[in-house]
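Read the structure below first, then the notes.
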Amino acid sequence: MDCRTAHAKIEEKADGFLPQDADGELSRHLSGCSACAAEDAAASATGPLLRALAGIRAKEKAPALDAMWTRVRAGIEEGREARMPPSWIARWAWIPAAVALAVLALLFYPTGTDRQPFHPTTFDVSVEDIESEAATVALVDKGEDLPRVIWIIEDGKT
Amino acid sequence: MARRKSQGRPGAPALPILLLLLLLAPVPSEAANTVSVEVGAVYASNEGRSMDPALGIIRGKLQSMFNYTSYRMLDRKRRALAIGETGEFELPGRRMMRATPLSTERNKVRLTIRISDGPRNLLTTTLGLSRGGMVLVGGPSHQAGVLILIISAE
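Respectively, the protein sequence lines represent chains A and B. The first sequence begins at 1 in the numbering used here and counts up one residue at a time. The second sequence begins at 1 in the numbering used here and counts up one residue at a time.
Take a look at the structure:
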């Protein structure tokens, strides 16, 4: 193993990515190369140093984090208190609204345009009198199951 | 800590109750001395072969009674008329129909019908109709065919 390869392996070792089978080969090189051994020692010491530094920073920030969580909890509690049960007025206000809607629906219920087609229940019709000043009229009766017809003949047309 | 079960929206029951109100609400029924007169103006001709679905079950009756090949509903009007009140129905071709309920007795309605074409009186008749009954008045010329009026009273 040359020094260039050893440097790459040292970086992988420091990051924890060096496979175990490659560790022996690296160790053999380090035992015979003082420069690479010094590089390995420096890299190995950096990790614990960073972890110690992170711990110190966390301890420094702990009071501020506690204060932030306290504010978050207080905000959640305030939100709960704000969602108080509705008063009886708010709870039953929909009833007059529903009645008003029902009245409007009845008032504006379509009655003229969308009616069902003609559906006579009977063709029983009596004609008491029939007359015309400008035409001839005829009463046509084709049976009980057919409607009676008054036929107007204008100007002699049939 | 036991949590109170969350309540639904306060207005949640509104829809079913509104529907119930609509179902139970009294449909404005026509008073006993009020007659609903309806007039449908049908254009019958031999132009093409068609039957307007708006004519409902009357289609078969028209085909069996007349020899026209085409029937088309031009207009349909309804008036609720009190006894003695005259309702005017404009008809195609600037004609006019006036209907006056004279009396109602049980299920029967006496009705005077007047049809005019300008100053000319084409028809004056007094009919005794059962409520839900129907009579046809036809013959006035219209375009290439004739008008057939479907007159009913309820």
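By construction, the Cβ of each residue, glycine as well, lies at the ideal position given by its N, Cα and C atoms. In this text the structure is predicted, and so the values were computed from the model without any measurement.
CB contact flag (residue i, residue j, <7 angstroms)
i: E88 of chain B; j: R98 of chain B; result: yes
i: S130 of chain B; j: T136 of chain A; result: no
i: I148 of chain B; j: V42 of chain B; result: yes
i: F118 of chain A; j: G56 of chain B; result: yes
i: L127 of chain B; j: V125 of chain A; result: yes
i: E144 of chain A; j: T124 of chain B; result: no
i: E154 of chain B; j: S70 of chain B; result: no
i: K142 of chain A; j: M51 of chain B; result: no
i: L30 of chain A; j: A22 of chain A; result: no
i: A138 of chain A; j: W151 of chain A; result: yes
i: P101 of chain B; j: L81 of chain B; result: yes
i: L136 of chain B; j: P120 of chain A; result: no
Continuous beta strand (DSSP E) stretch holding residue i: start and end
i: I148 of chain B; result: G145 to A153
i: E144 of chain A; result: Premise fails: E144 of chain A is in no beta strand (DSSP E) and is neither H nor E.
i: P140 of chain B; result: G133 to H142
i: R72 of chain B; result: S70 to A82
i: G60 of chain B; result: Counting along the chain, G60 of chain B falls outside any beta strand (DSSP E), though it belongs to the alpha helix (DSSP H) covering I58 to M65.
i: L122 of chain B; result: R120 to S130
i: T34 of chain B; result: T34 to S45
N- and C-terminal bounds of the alpha helix (DSSP H) containing residue i
i: D2 of chain A; result: Run containing D2 of chain A: none; DSSP gives neither H nor E here.
i: I76 of chain A; result: S34 to A82
i: A134 of chain A; result: Where A134 of chain A is concerned, there is no enclosing alpha helix (DSSP H), given that its DSSP letter is neither H nor E.
i: A100 of chain A; result: W94 to L107
Any non-hydrogen atom of the ligand COA within 6 angstroms of residue i CB
i: E25 of chain A; result: The ligand COA is not part of the structure shown, which contains no ligands of any sort.
From the options, residue whose alpha carbon lies closest to that of residue i
i: K108 of chain B; options: B:M134, B:M51 and B:N67; result: B:M134
i: Y68 of chain B; options: B:G139, B:L102, B:E154 and B:S152; result: B:G139
i: I151 of chain B; options: B:T34, B:R72 and B:R79; result: B:R79
i: R94 of chain B; options: B:P53, B:L122 and B:L136; result: B:L122
i: G118 of chain B; options: B:L81, B:R72, B:S103 and B:M96; result: B:M96
i: M73 of chain B; options: B:I83, B:L91, B:E85 and B:G84; result: B:L91
i: E39 of chain A; options: A:T5, A:R71, A:R57 and A:I95; result: A:T5
i: G32 of chain A; options: A:C3, A:A52, A:P19 and A:L18; result: A:C3
i: G24 of chain A; options: A:M1, A:D15 and A:S34; result: A:M1
Proximity test, Cβ basis, 7 angstroms: residue i and chain C
i: N121 of chain B; result: Protein chains A and B are contained in the structure displayed, whereas chain C is not.
**Prompt:** Does the stretch 131-148 of chain B touch the stretch 43-51 of chain B, meaning 3 or more C-beta pairs lie closer than 8 angstroms?
**Reply:** yes
**Request:** Decide yes or no for the touch test of the stretch 109-123 of chain B against the stretch 61-73 of chain B: beta carbon pairs closer than 8 angstroms, at least 3 of them.
**Result:** no
**Request:** Report yes or no: do three or more beta-carbon pairs, one from the stretch 40-55 of chain A and one from the stretch 67-87 of chain A, lie closer than 8 angstroms?
**Result:** Verdict: no, contact absent.
**Asked** Which ranges would you report for the beta strand (DSSP E) in the stretch 89-118 of chain B if only whole runs of at least 3 residues count?
**Response** 95-105 and 108-117
**Prompt:** When the Cβ atoms of the stretch 6-14 of chain A are set against those of the stretch 31-47 of chain A, are three or more pairs found closer than 8 angstroms?
**Reply:** By the Cβ rule, the stretch 6-14 of chain A counts as touching the stretch 31-47 of chain A, because three or more pairs are nearer than 8 angstroms.
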